[in-house]
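Data block below; observations after.
In UniProt numbering, the protein residues as written are 1 to 492.
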């Protein structure tokens, strides 16, 4: 029975969430990449309906850290079983690990596994796209092959979030090693898919999460808003998203009883121990240090981006969307964008950062002069996703990565760590922990949510409230000092 037959519900800061019949209960799921920002968000979304989901198997190379587990409700630990698996292993090894876990029934599989190897020295973001394709697609294929050899009696739904992203070479930009990313992440997905037939499993649905790079957002200007039906710019650069999606569709064609879904979010908001993959985390560190040093919060980006509307995807809301997609029959064998539908500007975010972290000197808006310290150029003329126009350029008066390399800022953070008993020092690796923050200062495309809405999706979250909650939870995990205020100012 469709969720449209039931009233909507709220859960904390998440509003107008679809509900399903109480008869849909006792489901089981596999979430791969559950330690990551997206996999953990989906785990939390499923645990929000404890009667619907009776058992959730989480798969990653290492168990979730205690700091993340403490964010879960008390009943959660009885429903979660962790299985350590490296998806770069052969399908037979993956299947043996699944068998050793004594899994009896799995309804849905959510695949979030991802690997990102470092780019070549001096290369730009996503430059090793071919390597990314091969690696990530292979991991997924191996996993699917292994499931068929594992002693799992029933599989209904699989949520695949496994992802690996090795650091780029020194001086290279994020995603500059796109070829390596392709190789690594395609391999993991390929391994996963190859494991399924070995286990004689026939899941009802496998959900794979990719992202806005599906539309070529990292390669220059795109047609906006991005729609799921837009053609993929496969001729411009290797992209492991395409390899994984092809593997998933081919698997479904060979196994008609198994449907598929692909979810495509932009920059993701969520509390997770892997802070380097969190593009919004560096701004909290920056605000806390500026407050500690008695300095104003200077905007590092350009005046052009200052009041530009940005769109984010909160991991938990994307998890609720993913759950809704796999449970709705009418959503089968389709891709969906995911976005908070709560546009926010740097202007409003900067004002809140000052308030949240007690920056007494306030903030300084972007400079209007020509003192540009750095510039990010996406795309090349004649080879753009839009098909025409000029490459996309983002100017920086300074980058967070160079700011983090300043010893005085690292020293101020050490003071904060001692004062607040913090566990994480992002200044130990400025490039690894601040690069995604710099990338987030780039203009990001708007994704259309019309397709999901037309089919009945109604969920929403205020992105500022979601970021505030993320910072609160990162504080509980020992990654940030506690904020000075109790709540965000909602955009109402």
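C-beta atoms are modelled at their ideal positions from N, C-alpha and C, and glycine is treated no differently.
These figures come from a predicted structure and were not determined experimentally.
- Our two residues, residue 181 and residue 203, have alpha carbons roughly 27 Å apart in a direct line.
- Contact check for residue 64 and residue 23: beta-carbon distance about 31 Å, past the 8 Å limit, so the pair fails to qualify.
- DSSP, read as helix, strand or coil, puts residue 319 in helix.
- Along the length of the region 368-428, whole beta strand (DSSP E) runs at least 3 residues long occupy 374-378 and 392-396, reported in chain order.
- When the Cα atoms are used, residue 266 and residue 310 turn out to be separated by approximately 10 Å.
- Counting every other CB atom within 10 Å of its CB across the protein chains shown gives residue 39 a total of 16 or more, marking it as buried.
- When only Cα atoms are considered, residue 12 and residue 369 end up about 43 Å apart.
- Secondary structure at residue 335: strand, using DSSP grouped into helix, strand and coil.
- Counting of Cβ neighbours within 10 angstroms places residue 70 among the exposed residues, the total staying below 16.
- Assignment of residue 305 by DSSP, reduced to helix, strand and coil, places it in the helix class.
- In the DSSP assignment, residue 432 is bridged to no other residue.
- Contact between the region 447-464 and the region 233-244 is absent: fewer than three C-beta pairs spanning the two stretches fall below 8 Å.
- Under the Cβ criterion (8 Å, minimum of three pairs), the region 203-221 counts as touching the region 244-262.
- Under the rule that a run must span 4 or more residues, the alpha helix (DSSP H) segments found entirely inside the region 59-83 read 66-69.
- As a beta-bridge residue in DSSP terms, residue 259 pairs with 205.
- From the listed residues 135, 354 and 139, the smallest Cα separation to residue 94 is found for 139.
- Within the DSSP secondary-structure output, residue 226 pairs in a beta bridge with 447.
- Taking C-beta separations shorter than 6 Å and ignoring five residues to either side along the sequence, the partners of residue 475 in its chain run 482, following chain order.
- With distances taken between CA atoms, residue 26 lies nearest to 51 out of 32, 18 and 51.
- Remark: C-beta atoms of residue 300 and residue 195 do not approach each other more closely than 8 Å.
- Under the DSSP assignment, residue 254 falls in the alpha helix (DSSP H) whose first and last residues are 240-254.
- DSSP places residue 16 in the strand class (E or B) of the three-state scheme.
- Note that the region 275-285 does not touch the region 214-227; fewer than 3 beta-carbon pairs, one per stretch, sit closer than 8 Å.
- When C-beta atoms of the region 373-386 are compared with those of the region 319-327, fewer than three pairs fall below 8 Å, so the two segments do not count as touching.
- For residue 94, no beta strand (DSSP E) encloses it; the enclosing alpha helix (DSSP H) starts and ends at 91-100.
- Nearest in C-alpha terms to residue 471, of all of 284, 366 and 295, is 284.
- Residue 163 sits close to residue 112, with the two beta carbons spaced by under 8 Å.
- Sequence-distant Cβ neighbours of residue 190 in its own chain, meaning closer than 7 Å and more than five residues away, are 137, 138, 139, 140, 141, 142 and 247.
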